[in-house]
Amino acid sequence: MTFGNEVDQAEAGQIFAAFVEAGGTFFDTADCYHSGRSEEILAGLIGNRRDDFVLATKAGLRVGDGPNDVGASAKHLVRSVERSLRRLGTDYIDLFQVHCWDPETPVDETLAAIDLLYRQGKVRYFGVSNQSGWQVAKTYYEALLHSLPKVVSVQVQYSLVERDVEREVIPVCQDLGLGVLPWGPLGGGFLSGKYRRGAEPPAGSRLSRSVSWMEEHWERRATEHGWDVLDTVTDIARQTGSSIAQVALAWLATRPGVVSPIIGASTLRQAEDNLAAASVHLTAEQTERLDAVSAIQPLYPQRFLTTAMSSRTDFDPAVDAWVGLR
């Protein structure tokens, strides 16, 4: 997403080269990233090595002023894929993802469009992004019911400072065998090491430029919970001789279902630092500390289910009495 905005073509080339040199093969972009400029830059970098890489893009967010320039309708998705193919300089997309749930389009229409693109050879695999657990499950089973291309992956916001997807989305992915592709693995840069408790975000940083409707907004990150997480990550980084970002990425890479955290470096230095996270190995004690400090509080029905199911192995008179009163 940084290509064509924070990152010009020259530095994008350096980041691309460093990633490929490190063994990287998976690239994720979208039609709405800087009016398609991200896809164009990526195409120029890939050149004649197209088959060496797994190329993913997305469509569904607004790309124009027209009524059909947004959403998961057949008209919008088919046209978006055709435009992405031209910008990417390829005749097929490895992983095509619906960027966001569309409440105004029936799921069977979206799936029919994906099926058409499959049969035309323009799309190899199908994923979704930014959906709740029930939406992922609905899409998956609608496809299964009608023998249409099924969902293979889910791209969601996921990091040490944003674990809400663990309530329902991650369990759904684990149950259905779907790959999890976390975006925002550093919480919009909050876990990069540049932010300090009690201080405003540095001028020019991603969080300093964010606005209130964005998920990665300063007020969502600069909370007591967020600072406690950052303090713990910083301490473990000192213990391991790693950077703060590397510890955060190393933790995320080992979470159940996670296939590949999507890094969004805006400089070559950041990219090299992030890539080095692959060699960071956290101890069980360090992982437990990170799990504990970043843990989210269970909500209903998860809270109820956790308590109720505990009776399978541990008899609790209080629970038994409460159930009896019901």
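Start counting at 1 in the sequence shown, then tack on 1340, and there's your number in our numbering. Built from N, CA and C at the ideal position, the CB exists for glycine as well.
Query	Result
Given Asp1515 as reference, the closest of Ser1499, Val1494 and Ser1413 once Cα atoms are compared	Val1494
Three-state secondary structure assigned by DSSP to Tyr1465	strand
Length of the line joining the Cα atoms of Glu1482 and Gly1411	18 Å
Three or more C-beta pairs below 8 Å linking the stretch 1506 to 1521 and the stretch 1472 to 1479	yes
Exposed unless 16 or more other CB atoms sit within 10 angstroms - verdict on Trp1553	exposed
Helix, strand or coil at Leu1518 [DSSP, three-state]	coil
The stretch 1454 to 1467 touching the stretch 1558 to 1567, judged by at least three CB pairs closer than 8 Å	no
Inter-residue Cα distance where the pair is Gly1364 and Glu1444	37 Å
With 16 other Cβ atoms within 10 Å as the buried cut-off, status of Glu1625	exposed
Cα-Cα separation between Asp1448 and Val1438, rounded to whole angstroms	13 Å
Distance between Ala1632 and Gly1581 (C-alpha atoms, nearest Å)	22 Å
Gln1471 - DSSP class collapsed to helix/strand/coil	coil
Alpha carbon of Phe1393 to alpha carbon of Ser1469, nearest angstrom	21 Å
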